[in-house]
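In the numbering used here, the protein residues as written are 20 to 215. We treat Cβ as the ideally placed atom computed from N, Cα and C, and that holds for glycine. Note that the structure is a prediction, hence the values are computed from the model and not measured. Written out below as structure tokens is the structure these notes cover.
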Amino acid sequence: MGKRIIVLASGAGSNLAALTAADLGGRIVAVVTDRADAGALMRAEQAGISGDTIPYPAFPDRAAWARALEGNVAEHEPDLVVLAGFMRILPPEFVTRWPTLNVHPSLLPAFPGARAVEAALAWGVKVTGSTVHLVDEEVDHGPIVLQEAVAVRPDDDAGSLHERIKTVEHRLLPRAVSLFCADRLRVEGRYVRILQ
20 MGKRIIVLAS GAGSNLAALT AADLGGRIVA VVTDRADAGA LMRAEQAGIS GDTIPYPAFP
80 DRAAWARALE GNVAEHEPDL VVLAGFMRIL PPEFVTRWPT LNVHPSLLPA FPGARAVEAA
140 LAWGVKVTGS TVHLVDEEVD HGPIVLQEAV AVRPDDDAGS LHERIKTVEH RLLPRAVSLF
200 CADRLRVEGR YVRILQ
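In structure tokens:
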């Protein structure tokens with residue numbers, strides 16, 4: 020049967036599409052979004068995966084929303100939570116309850132946060148990239164599982180650069196999930212060893 024995976028998403032769901040197309044060694048049992056108009060819900064439906072929304076504006080504060088999200092995720096009894104373009108910060112009690120992987124459009128620790136691609140361009144870097152990391156209590160901070168560089172071209176804008184980063188994300192995120200499902204990740208402090 021393999022490990023049970025929950026995917027959290029906020030946007031179009033291109034990383035979800037990459038996950039559903041891959042042999043993960045586990046099963047995506049649900050997709051949960053924070054926005055009712057997230058394209059990821061349509062992708063989930065097309066893949067025959069249960070989809071649900073915990074809309075942020077429907078709750079009086081962040082804590083109430085986070086409790087509702089945690090309750091929803093808990094119902095699915097996941098072995099792994101995957102953040103695939105999920106644009107909300109999860110509270111410590113969530114990320115300590117379940118192993119959680121996140122994909123981020125920079126070479127962390129450079130350019131954490133929601134505007135990583137724009138920040139890389141503003142800084143004038145020649146190379147940025149994609150990182151898949153385990154989530155901890157700090158934003159874009161947890162131990163790094165996989166990274167791959169993407170060259171910044173002189174004529175890049177945020178859109179063109181982000182598209183090339185997404186191509187890398189669509190390879191790295193399924194690989195990281197597969198490694199987790201195969202019990203091939205061992206965390207030693209900040210270092211993640213990939214077991215043979």
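CB contact check: residue i to chain D, cutoff 8 angstroms
{"i": "Thr-115", "result": "Of the protein chains in the structure, only one exists, and it is not chain D."}
Cβ separation of residue i and residue j, assumed to be a contact under 8 angstroms, to the nearest whole Å
{"i": "Val-92", "j": "Val-101", "result": "Contact flag wrong, Cβ pair sits at about 11 angstroms."}
{"i": "Arg-23", "j": "Pro-76", "result": "Incorrect: roughly 29 angstroms between the Cβ atoms, too far for contact."}
{"i": "Val-51", "j": "Leu-27", "result": "5 angstroms"}
{"i": "Ile-68", "j": "Ala-37", "result": "Between Ala-37 and Ile-68 the Cβ distance is about 14 angstroms, and since that is not below 8 angstroms, they are no contact."}
{"i": "Leu-127", "j": "Asp-159", "result": "6 angstroms"}
{"i": "Ile-163", "j": "His-95", "result": "With 8 angstroms as the limit, Ile-163 and His-95 do not qualify as a contact, their Cβ atoms being about 27 angstroms apart."}
Alpha-carbon spacing of residue i relative to residue j, whole angstroms
{"i": "Ala-177", "j": "Val-146", "result": "14 angstroms"}
{"i": "Ala-59", "j": "Trp-117", "result": "22 angstroms"}
{"i": "His-152", "j": "Pro-79", "result": "30 angstroms"}
{"i": "Val-136", "j": "Pro-111", "result": "26 angstroms"}
{"i": "Gly-30", "j": "Gln-215", "result": "34 angstroms"}
{"i": "Ala-139", "j": "Pro-124", "result": "10 angstroms"}
{"i": "Ile-47", "j": "Gly-32", "result": "14 angstroms"}
{"i": "Ala-83", "j": "Pro-74", "result": "11 angstroms"}
{"i": "Val-5", "j": "Ala-170", "result": "As shown, the chain starts at 20 and ends at 215. That puts residue 5 outside it, with no answer to give."}
{"i": "Leu-88", "j": "Gly-21", "result": "24 angstroms"}
{"i": "Ala-63", "j": "Gly-90", "result": "20 angstroms"}
{"i": "Ala-201", "j": "Arg-134", "result": "33 angstroms"}
{"i": "Ala-57", "j": "Ala-66", "result": "15 angstroms"}
{"i": "His-189", "j": "Arg-205", "result": "23 angstroms"}
{"i": "Ala-129", "j": "His-181", "result": "15 angstroms"}
{"i": "Asp-53", "j": "Arg-81", "result": "12 angstroms"}
Given residue i as reference, the closest of the options once Cα atoms are compared
{"i": "Ala-168", "options": "Asp-159, Thr-150 and Pro-97", "result": "Thr-150"}
{"i": "Thr-119", "options": "Ser-69, Val-196 and Ser-33", "result": "Val-196"}
{"i": "Leu-43", "options": "Ala-57, Ile-213 and Pro-193", "result": "Pro-193"}
{"i": "Gly-208", "options": "Ala-37, Asp-159, Asp-155 and His-189", "result": "Asp-155"}
{"i": "Arg-86", "options": "Asn-121, Gln-65, Ile-108 and Arg-205", "result": "Ile-108"}
{"i": "Arg-172", "options": "Ile-163, Pro-162, Ile-184 and Arg-203", "result": "Ile-184"}
{"i": "Tyr-210", "options": "Ala-82, Gly-161, His-181 and Asn-121", "result": "Gly-161"}
{"i": "Glu-157", "options": "Gly-45, Pro-131 and Glu-182", "result": "Pro-131"}
Same chain only: Cβ atoms within 6 angstroms of residue i, ignoring 5 sequence neighbours per side
{"i": "Phe-199", "result": "Leu-99"}
{"i": "Phe-105", "result": "Leu-27, Ala-28 and Ser-29"}
{"i": "Gly-45", "result": "Gly-21, Lys-22, Ile-24 and Cys-200"}
8 angstroms Cβ cutoff met for residue i and residue j
{"i": "Gly-148", "j": "Val-187", "result": "yes"}
{"i": "Thr-72", "j": "Ala-55", "result": "yes"}
{"i": "Val-122", "j": "Ala-103", "result": "yes"}
Proximal residues to residue i (C-beta, below 7 angstroms), its chain only, five neighbours per side dropped
{"i": "Leu-165", "result": "Val-151, Leu-191, Arg-194 and Ala-195"}
{"i": "Arg-203", "result": "Ile-213 and Leu-214"}
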